[in-house]
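Notes to accompany the following structure.
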Amino acid sequence: MPPRKRIKVSDEQDDLTSETNAVTKKKAIESVKLSAIVALPNEIFAEIAKHSSPEDLLHLARTCRQWRVMLMSKASKYIWEAAREAHSVPNCPDDLNEPKFADLLFGKGCMSCSASKTFKHPLFEFRTRFPDSIFSLSFFKTKSLYQKLPSGLFINANDFLSLIPNLSLKWGNKSGNYALQSDCDLLVQSLQTLPHGSEERIKYLEERKESTQAIKMSSREMRMWLEDSERQKERSKHESMRNRRAEITKRLTALGYGDEDLDSRFDERDWKWRSLFDNSTPLTERSWKSILPQLEKTIKLRRELKAPQFLTLRRSRREYEMKTRFSQHLPQLENIPRHKLFLEADLLELPVVKELTEEDECRVALTEERWNGVQNVLVQAVADHAAKIEKYCTDAIADAEQGAMDLAKERWYENRVKSWKEMEEAIDAEMRELGYSSDDSGYERPGNMHPDEFEENPDEFHDIDDTYQLDYERNAEGPDPVLARLTFAQSLFERNVRGVKTIMSYAELLRKRATKPLLPGFNPDFDGPVAWCKEDIRTSGQIIDTAVLLLEHLGFDSRTKMAYMSACRDVFFCRRCSRGPASDGVTWPKLVEHFIYENNRYSGLCQKNLERDADVPLQNDHSLDAEEYTPLGFGVPVSMPKNLRTAHGGPSTNAGQLYTQLEATWGYEMPQGLANDVEMDEDEPVGIPWGDMGYDSADDLLYEDYDTLYTEKCKLCAKLGVSHAERSRIRLEQHMKRRHVSFTRWRSPFL
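So the sequence shown is numbered by full-length UniProt numbering: it starts at 1 and just counts up by one.
Structure, rendered in structure tokens:
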């Protein structure tokens, strides 16, 4: 027979066989090493075990049968004690042996079943760990002990509770004081077997109480040790994380990456930078080679996508450096008049400061030499800044005066046209009585000239010009005087701060700019003052016209000084409102603001009336035109106490005409919430804390809502999409008479 052929083994199979042999050989070596360790003499093993932790001994006891027999025997007690002392573990309680004590402290999972998830910490008082699934079956709330105790035990619930361990804890969404059901049943059985009043019962109760107290004391000691141990582990973890972060940072810096390349504050959530950094695993060469490509990828994304955010961050740092230098330089500017008006925000708007800040995309830090360039122009910039504010306000008032004169002349013209039409109708009525008709040919009305037929402006126009045109010159007396036209009562400005518009005087505007908050962090909405060029401050003809009309109704002329009106404080009353701050008394700027708001609201209602074709009767109850509100039966719209007309120097007072007088009020402003709890001086500015909310008093806001207080609703306002309600039908009728039309009750179908 020919020789039998053999299958040739490929090189690949040879490689696989060699790898398999290597793995088998490695396992054999490991088994040899393990067998060598197990074969150690007991004395050497015991000496090694004494330097291990109780947790390590617990793991060793579960490794093989030989070690388990050795470590679980009573003879190994000295090993467990030495391990505890070496690692500062508390002493083992008398009711536990060393292995059970170690299992209670370091073990995992339930001690009664195979459940792996239990409470975060062992229940030391009960010497066990329990999962949530059987907690409700094994424990009961101690407050239900009154129902659980059977009759005939001759012991109250409080004394019974002192004989069993109990613990106050939170389980799920429940919380309370819990005890173990098995402890309760065992104690009940013991008490039922012991006669009441017997020596055995008394001795048993004393021993039980002592053991329960000992359990509580040892549990407290174990819990404190466990908390300290967890804190120590957490500190060790954070230390490892710091070391890892420092090592990675050092290596990336050595590769040429800068601070912004290593800054993760703007990273996206799916970038892995922090997960690679904030890790307690020590950094090795192998792990470094693994994470370096991921780190470089994140740095590349950071440079491409987050450049604008880093530019903003660098700009804020350069600006902070400028502000710090400026605050150090402030004492050298104190001799410049009105230097407090120049703020840090104004400094950042100077061209030289902007140039230094933005150089090389805000990467160049501020040095002493670079600051000297700013310091050379700072004195002149501070002086020019105050003049710039004054010029802006003066020009704004001048433009608004012209607008106010146009409004006054337009109002005069409309009233004259209205009077002319009424005169025409009266003449036609007289002529009809004499037998003439306006339809007759050649019919002429005698002596009634239309306002458009005047060849030149009437004398009333000259009076309007005299009323609204204010002085341009400065007050002559004293150093650094204020322009006269900025000191009059109608020289008001509207300041818009984040959408909230407030009317204020020139002096108040400067005080707001120059006054710093006493506690900047007290108000979380405080963003700091903005530069003057970014302030939204303006005035209008409506503001000045409204102020002039209010002055006339109060009996003052247009040359009344703002200092007098401000000194009067909140004594100006609106006679058209039955509730709200204006009816209780407001300051002069608030009064002007109130009437502007009401007139604008009336115009808005008229516009809605036309758009909706609602045909709702409307009348302006806050009109300041006497020829408009007098026929409606309304009296003077505003008033103030008569005894104040000569107080505070009178309407022509000389106060507030020098900047030195205004600067005396520039300092620090106390937050409103804090000012309510602190005794304030009478000269401190006081605001209206609760605003024009439509409530009778501020206290109403604290106890009842609007719909509960105001139940009588106006249906005419509702047709215009506006909600208005009063507390009573009488108040609602007054509203209808003021806002809609004069009527009697029987003519009111909308009540």
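All C-beta atoms in this analysis are idealised placements derived from N, C-alpha and C, irrespective of residue type, glycine included.
Taking residue i as the reference, give the member of the options with the closest Cα.
| i | options | result |
| --- | --- | --- |
| residue 240 | 381, 279, 181, 419 | 279 |
| residue 98 | 114, 115, 136, 57 | 57 |
| residue 480 | 383, 499, 502 | 383 |
| residue 183 | 588, 654, 167, 587 | 167 |
| residue 325 | 567, 347, 75 | 347 |
| residue 137 | 264, 378, 181 | 181 |
| residue 543 | 220, 504, 581 | 504 |
| residue 589 | 491, 65, 541, 646 | 491 |
| residue 390 | 289, 365, 506 | 506 |
| residue 262 | 55, 600, 301, 624 | 301 |
| residue 604 | 551, 722, 535 | 722 |
| residue 299 | 651, 650, 255, 730 | 255 |
| residue 650 | 557, 614, 96 | 557 |
| residue 664 | 540, 607, 508, 535 | 508 |
Excluding five sequence neighbours on each side, which residues of the same chain lie with their C-beta closer than 8 angstroms to the C-beta of residue i?
| i | result |
| --- | --- |
| residue 223 | 121, 124 |
| residue 327 | 344 |
| residue 79 | 46, 49, 50, 57, 71 |
| residue 363 | 314 |
| residue 194 | 200, 201, 204 |
| residue 287 | 281 |
| residue 465 | 405 |
| residue 373 | 352, 356 |
Where does residue i land, buried or exposed, given buried means 16+ other C-beta within 10 angstroms?
| i | result |
| --- | --- |
| residue 359 | exposed |
| residue 41 | exposed |
| residue 752 | As displayed, the chain neither begins before 1 nor continues past 751, which places residue 752 out of reach and without an answer. |
| residue 657 | buried |
| residue 498 | exposed |
| residue 228 | exposed |
| residue 318 | buried |
| residue 587 | buried |
| residue 112 | exposed |
| residue 61 | buried |
| residue 756 | Absent from the model: residue 756. The displayed extent of the chain is 1 to 751, so no value can be given. |
| residue 430 | exposed |
| residue 355 | exposed |
| residue 84 | buried |
| residue 735 | buried |
Round the Cβ separation of residue i and residue j to the nearest angstrom and send it over; I've been treating them as touching at under 8 angstroms.
| i | j | result |
| --- | --- | --- |
| residue 212 | residue 164 | 6 angstroms |
| residue 488 | residue 560 | 7 angstroms |
| residue 407 | residue 621 | Residue 407 to residue 621, Cβ: 20 angstroms. No contact. |
Consult DSSP for residue i and reduce its assignment to one of helix, strand or coil.
| i | result |
| --- | --- |
| residue 411 | helix |
| residue 666 | coil |
| residue 725 | strand |
| residue 171 | strand |
| residue 359 | coil |
| residue 320 | helix |
| residue 176 | strand |
| residue 249 | helix |
| residue 495 | strand |
| residue 739 | helix |
| residue 54 | helix |
| residue 758 | Residue 758 lies beyond the stretch modelled for the chain, which goes from 1 to 751, so this question has no answer here. |
| residue 701 | Any reading at residue 701 needs caution, since the residue's pLDDT is 45, under 50, leaving its predicted position unreliable; the model's value is listed next. Reduced to three states, the DSSP call for residue 701 is helix. |
| residue 278 | coil |
| residue 89 | coil |
| residue 505 | strand |
| residue 561 | strand |
| residue 734 | helix |
| residue 243 | helix |
| residue 536 | strand |
| residue 583 | helix |
| residue 141 | strand |
Go through its chain and collect everything with a Cβ distance to residue i's Cβ below 7 angstroms, but skip five positions before and after it.
| i | result |
| --- | --- |
| residue 515 | 666, 667, 668, 669 |
| residue 162 | 209, 212 |
| residue 110 | 118, 129, 130, 131 |
Cutting at 6 angstroms between CB atoms, please list the residues of its own chain near residue i, excluding the five before and the five after it.
| i | result |
| --- | --- |
| residue 266 | 306, 309 |
| residue 196 | 154 |
| residue 770 | Outside the displayed range of the chain (1 to 751) lies residue 770, so it cannot be described from this structure. |
| residue 366 | 321 |
| residue 582 | 574, 594 |
| residue 513 | 341 |
The ligand PLP heavy atoms versus the CB of residue i: any closer than 8 angstroms?
| i | result |
| --- | --- |
| residue 123 | Judged by which ligands are present, the structure shown has none, so any question about the ligand PLP falls away. |
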